[in-house]
Amino acid sequence: MDVLLDLLDPKWWLSMLGAFATIGVIAIVFAETGLLVGFFLPGDSLLVTAGIFSTVAAAQGFGIAPLSLPALLIGAPLAAIAGAQLGHFLGAKVGRRMFDKPDSRLFKREHVEKAEHYFEKFGPAKAVVVARFMPIVRTFMNPVAGVLEMDARRFFVWNVVGGVVWVEALLLLGYFLGSKVEGIDKYILPGVFVVIVLSIIPIVREVMKSRRAAVVVPKGRHHAGVEQRNHPGV
4 MDVLLDLLDP KWWLSMLGAF ATIGVIAIVF AETGLLVGFF LPGDSLLVTA
54 GIFSTVAAAQ GFGIAPLSLP ALLIGAPLAA IAGAQLGHFL GAKVGRRMFD
104 KPDSRLFKRE HVEKAEHYFE KFGPAKAVVV ARFMPIVRTF MNPVAGVLEM
154 DARRFFVWNV VGGVVWVEAL LLLGYFLGSK VEGIDKYILP GVFVVIVLSI
204 IPIVREVMKS RRAAVVVPKG RHHAGVEQRN HPGV
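To convert, note that position 120 of the sequence shown is 123 in the working numbering; the numbers rise steadily by one, no gaps.
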């Protein structure tokens, strides 16, 4: 449990990265968006926290050197875009074989199915952008887009839009909070859980909808079967 809390705590990551925190944040953004095993890494919360600790006051309160905001504003979007491009490339080249392996501790079929659901629900362009703000889904959306043969040029355009909006918005939000709220570092861990809860609400809603639909469909089929038995000549 303590290990899980550490992995979810962006302050733990920054303290572990030390002097390489700025580069580390950029690398984590790439891994979370481009490598399937990176879905457990903090994305939203890490970006907000990196923005917070790019302010001198927050960084000094935590006992670290301030992160470089200009480097983050340039490097993190590029990492998010490059990571997603890698995911799309792997999906297009390796194909569905990449997703047909059995469940393991890190890989779950349900993660792929969620990404496919949003891809079909929103359409390719909107799904690529919206998925940026959904943990886990944003990791699997890119290879799913490749598997489902989303045009590479079209994917690149919307990948850039989604990557820039997602990264810059969260970094600047963190920077604003760090510069305006005194002692903000004390509220980061509770804030992380709020961000996690808010980000998984859409996923939970979709799961509930799909379960209700799964209950309704068999009932409909049952009634159809009864009607057919009662009227065999139909």
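Note that CB positions come from ideal geometry on N, CA and C, so glycine has one too.
These numbers come from a predicted model, not from an experiment.
Give the single residue among the options whose Cα lies nearest to the Cα of residue i.
{"i": "G181", "options": "A68, A61, N145 and A83", "result": "A61"}
{"i": "G2", "options": "E119, Q63, L72 and V164", "result": "Residue 2 is absent from the structure shown; the chain starts at 4 and stops at 237."}
Would you check if the distance between the CB atom of residue i and the CB atom of residue j is smaller than 8 Å?
{"i": "R3", "j": "G86", "result": "In the structure displayed, the chain extends from 4 to 237; residue 3 sits before or after that span and is not available."}
{"i": "M144", "j": "F122", "result": "yes"}
{"i": "L39", "j": "A53", "result": "no"}
{"i": "V97", "j": "V147", "result": "no"}
{"i": "P13", "j": "I191", "result": "yes"}
{"i": "V32", "j": "V133", "result": "no"}
{"i": "L174", "j": "D47", "result": "no"}
{"i": "L70", "j": "F56", "result": "yes"}
{"i": "L72", "j": "Y178", "result": "yes"}
{"i": "M153", "j": "P193", "result": "no"}
Looking at the unbroken alpha helix (DSSP H) that takes in residue i, where does it start and where does it end?
{"i": "V40", "result": "Note, V40: premise wrong, no alpha helix (DSSP H); not H, not E."}
{"i": "S18", "result": "P13 to L20"}
{"i": "G150", "result": "Going by the sequence as given, residue 150 is Val instead of Gly. Element bounds for V150: V140 to V150."}
{"i": "S48", "result": "D47 to I55"}
{"i": "I84", "result": "L72 to V97"}
Rounded to a whole number of angstroms, what is the C-alpha to C-alpha distance between residue i and residue j?
{"i": "V59", "j": "A68", "result": "8 Å"}
{"i": "R141", "j": "Q63", "result": "33 Å"}
{"i": "G37", "j": "V163", "result": "14 Å"}
{"i": "L89", "j": "F158", "result": "12 Å"}
{"i": "V51", "j": "L151", "result": "32 Å"}
{"i": "F65", "j": "G149", "result": "42 Å"}
{"i": "A22", "j": "V28", "result": "11 Å"}
{"i": "E35", "j": "P80", "result": "13 Å"}
{"i": "W161", "j": "I26", "result": "25 Å"}
{"i": "I187", "j": "A155", "result": "41 Å"}
{"i": "E185", "j": "L176", "result": "15 Å"}
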